[in-house]
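S.K.: Those letters in the sequence shown? Residues 0 to 316, per numbering that gives the first Met the number 0, in order. Where a beta carbon is used, it is the ideal one built from N, C-alpha and C, also for glycine. Dumping the structure here so I can ask a few things about it.
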Amino acid sequence: MGNGTTVREFTLEGFPAAQHLGKLLFSVHLLAYLASLTGNAVIVSIVCTSARLKTPMYFFLSIFSFFECCFTSAVIPKLLAIFLLGKQTISFVACFIQAFVFVFIGAFGFLLIAVMSVDRCVAICKPLHYSTIMNLRTCMLLITVCLTVTFTLITWVVVKVSRLSFCGPHVIPHFFCDLGPLLQLSCSDTRSAEALTFGLAVVILLSSLIITTIAYSNIVVTIVHLPSAKERQKAFSTCSSHLIVLSLMYSSCVFIYVKPKQTSRLESNREAALVNTVVTPLLNPIIYTLRNKQVHQALRETLCRIKLSRQKSIMCS
């Protein structure tokens with residue numbers, strides 16, 4: 000850390016305007032957090048245990064769900080403590096660890112969404128070549144590339160921000176440690192750090208958005224040419240659900256991060272961040288898999304296996 004650092008801990012302000020609703024907001028967000036964890040954990044479990052879900056699509060979805068659990072767990076427990084107990088302090092090191100985990104998983108999630116979109120595009124537009132193109136080696140390579148690129152870029156920007164001087168004040172106008180509020184508290188020249196943060200946000204978000212848009216455009220064109228009206232309606236229903244969640248994720252993150260001066264609009268950033276940390280992790284299990292018939296069948300088979308194993312253990316005892 001920089002030699003000018005004198006602040007040893009920060010205070011997360013949370014939502015001071017809604018402080019009188021602390022217990023109510025705590026209950027609502029706790030239920031949303033538990034529902035999100037449960038939904039994503041169920042997805043990971045059934046993909047790992049079900050033979051019918053051993054496909055690239057569900058492989059990517061299980062990784063996405065696992066990181067969604069990590070993503071929400073990096074932020075929501077601290078938010079719950081703020082709602083229940085008021086303002087909460089966080090150490091300097093813990094604050095930057097939280098910022099790194101949040102930004103790293105968030106950035107990786109957008110690259111993974113682009114990969115998932117390409118996977119669906121190949122499956123729908125090139126069904127005869129799908130198994131050849133999207134084999135296990137290709138899937139592992141795509142995940143490795145996304146993780147490596149994201150880890151390298153996010154480590155670079157977080158380390159750069161952590162080396163700035165923080166002389167006070169120590170109150171972060173947010174419910175978790177994010178780069179924009181941290182840059183606002185620095186007493187150093189933050190122009191280069193802000194430029195780097197803006198540049199990486201543009202590269203990650205817009206590149207992912209462009210790939211996803213192209214993939215879904217090809218999917219829509221293919222769906223339009225389907226001979227059956229029932230198949231077209233079913234495909235459009237699925238795509239529209241995906242696009243609703245994607246639009247929420249991209250619009251909120253573009254609003255927060257794609258701006259040259261990261262310290263602007265910090266007050267409204269808190270509300271936008273709630274979309275990514277609470278709303279979309281809750282919707283993703285429903286949109287991506289829990290509406291899927293294959294997942295329903297795999298879930299029923301898993302429950303039947305559990306029931307049979309319990310009956311056998313009771314009989315043996």
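Within the continuous alpha helix (DSSP H) that includes S207, where are the two ends?
M.R.: From DSSP, the alpha helix (DSSP H) with S207 extends over S206 to V223.
S.K.: Roughly how far, in whole angstroms, is the beta-carbon of T189 from the beta-carbon of L163, given that I think they are within contact range, below 8 Å?
M.R.: About 6 Å; that satisfies the 8 Å criterion.
S.K.: Checking 8 Å against the spacing of the C-beta atoms, do F174 and F103 come in under that value?
M.R.: No, they are not a contact pair.
S.K.: Just tell me which of G13, L273 and Q232 has its CA closest to the CA of M248.
M.R.: For M248, the nearest C-alpha among the options comes from L273.
S.K.: Going by DSSP, what residues sit across from Q293 in a beta bridge?
M.R.: Q293 pairs with nothing; no bridge assigned.
S.K.: In whole angstroms, what is the alpha-carbon distance linking V114 and L182?
M.R.: Each residue's Cα considered, the two are about 31 Å apart.
S.K.: Between which two residues does the beta strand (DSSP E) containing L11 stretch?
M.R.: It spans E8 to L11 - the beta strand (DSSP E) in which L11 sits, taken as one unbroken run.
S.K.: Could you tell me which residues DSSP pairs with V170 in its beta bridges?
M.R.: T10, per the DSSP bridge assignment.
S.K.: If we call anything under 8 Å between Cβ atoms a contact, is I132 one with L298?
M.R.: In this structure, L298 does not lie closer than 8 Å to I132 by Cβ.
S.K.: My parser needs the beta strand (DSSP E) runs of 3 or more residues fully inside the stretch 78 to 166; what are they?
M.R.: As far as the stretch 78 to 166 is concerned, its whole beta strand (DSSP E) runs of at least 3 residues are 87 to 90.
S.K.: Excluding the five sequence neighbours on either side, which residues of its own chain have a C-beta within less than 6 Å of the C-beta of N217, listed in chain order?
M.R.: Here the set comprises C120 and C124.
S.K.: With R51 as the anchor, note down where its alpha helix (DSSP H) starts and where it stops.
M.R.: It is not in any alpha helix (DSSP H) - R51 carries neither H nor E in the DSSP assignment.
S.K.: Check S308 in the structure and name its three-state DSSP category.
M.R.: In this structure, S308 counts as helix in the three-state DSSP scheme.
S.K.: Is F9 closer than 8 Å to H169 when the C-beta atoms are compared?
M.R.: Cβ distance < 8 Å, so H169 and F9 count as in contact.
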